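Asks: Here it is: the structure, laid out below.
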Amino acid sequence: MRTTTVEPNPSTITLGMCTHDVVPSEGNEASARPACQDADPLLFFPEGRREDNWRIGKAKAICAACPVIRACLLTAIRQQDNDGIWGGCTPAERRALVRDVRGLRRDVKAIVRRLEEGARFPVRRADFLAVVHQLTRFGWGVEDLADAMGVRPQSVIEARLRAHAAAPCDGAVPTEMA
Ligand code: SF4
Numbered sequence: 001m002r003t004t005t006v007e008p009n010p011s012t013i014t015l016g017m018c019t020h021d022v023v024p025s026e027g028n029e030a031s032a033r034p035a036c037q038d039a040d041p042l043l044f045f046p047e048g049r050r051e052d053n054w055r056i057g058k059a060k061a062i063c064a065a066c067p068v069i070r071a072c073l074l075t076a077i078r079q080q081d082n083d084g085i086w087g088g089c090t091p092a093e094r095r096a097l098v099r100d101v102r103g104l105r106r107d108v109k110a111i112v113r114r115l116e117e118g119a120r121f122p123v124r125r126a127d128f129l130a131v132v133h134q135l136t137r138f139g140w141g142v143e144d145l146a147d148a149m150g151v152r153p154q155s156v157i158e159a160r161l162r163a164h165a166a167a168p169c170d171g172a173v174p175t176e177m178a
């Protein structure tokens with residue numbers, strides 16, 4: 001049985017062998033009951049078994065219904081947990097989120113200014129996410145972004161989705177990681 005407790009300020013989520021110091025991110029999230037409280041820990045800590053994908057899917061489904069999913073994910077990122085499903089994400093998915101936060105923090109002001117002035121040019125891969133994110137916030141549509149940078153609209157849509165997922169995680173990624 002998976003042991004889970006959430007206590008307010010500072011709150012702690014204890015799941016099996018792991019302990020997270022959770023910083024509540026919104027509302028009274030910290031007083032809610034984690035959805036994994038009575039779940040099988042093996043679902044959340046798959047160990048290379050053939051049925052891992054099945055376990056991961058089950059764990060993610062539990063997380064999706066969890067009232068503390070956001071706080072759990074941000075804490076796992078902040079504490080750089082390399083094991084287990086936390087906040088609905090595998091370790092690889094959390095590392096990808098951290099990489100995308102790094103991408104969003106890039107200084108792309110000069111690029112954005114040139115595009116806003118009407119220039120049309122390919123944007124370096126490293127800057128792409130931040131440029132799409134910033135111009136989207138300025139009201140640019142998918143087709144306009146794709147035309148300006150000479151990429152497929154699908155690339156812009158995918159970048160938007162990644163930026164949408166990563167932006168709320170910004171505060172959880174320590175500066176030294178980004
Ligand atoms: S998000 Fe998932 S791992 Fe985190 S407390 Fe909720 S159910 Fe448990």
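Quick note: the sequence shown, position 152, residue 152 per our numbering, numbers continuous. Each residue gets a CB set at the ideal place from its N, CA and C atoms; glycine is no exception. This structure is a prediction, so every number in the text was calculated from the model and none was measured.
Grouping DSSP H, G and I as helix and E and B as strand, with all else coil, what is residue 89?
Replies: strand
Asks: For the putative contact between residue 97 and residue 69, defined by C-beta atoms under 8 Å, what is the C-beta separation to the nearest angstrom?
Replies: Not quite, the Cβ-Cβ distance comes to about 13 Å (not below 8 Å), so this is no contact.
Asks: Looking at the secondary structure, which residues open and close the alpha helix (DSSP H) in which residue 52 lies?
Replies: 52-64
Asks: Mind checking whether the beta-carbon of residue 169 lies closer than 7 Å to any heavy atom of the ligand SF4?
Replies: no
Asks: Check whether the Cβ of residue 68 lies closer than 7 Å to any heavy atom of the ligand SF4, and answer yes or no.
Replies: yes
Asks: If I follow the unbroken alpha helix (DSSP H) through residue 81, where does it start and stop?
Replies: No alpha helix (DSSP H) contains residue 81, which DSSP labels as neither H nor E.
Asks: Using a Cβ-based criterion (distance less than 7 Å to any ligand heavy atom), does residue 62 qualify as near the ligand SF4?
Replies: Yes - the ligand SF4 has a heavy atom lying nearer than 7 Å to the Cβ of residue 62.
Asks: Given 8 Å as the limit, is there contact between the stretch 150-166 and the stretch 114-129, that is, 3 or more CB pairs closer than that?
Replies: In short, these stretches touch, since the Cβ pair count reaches three.
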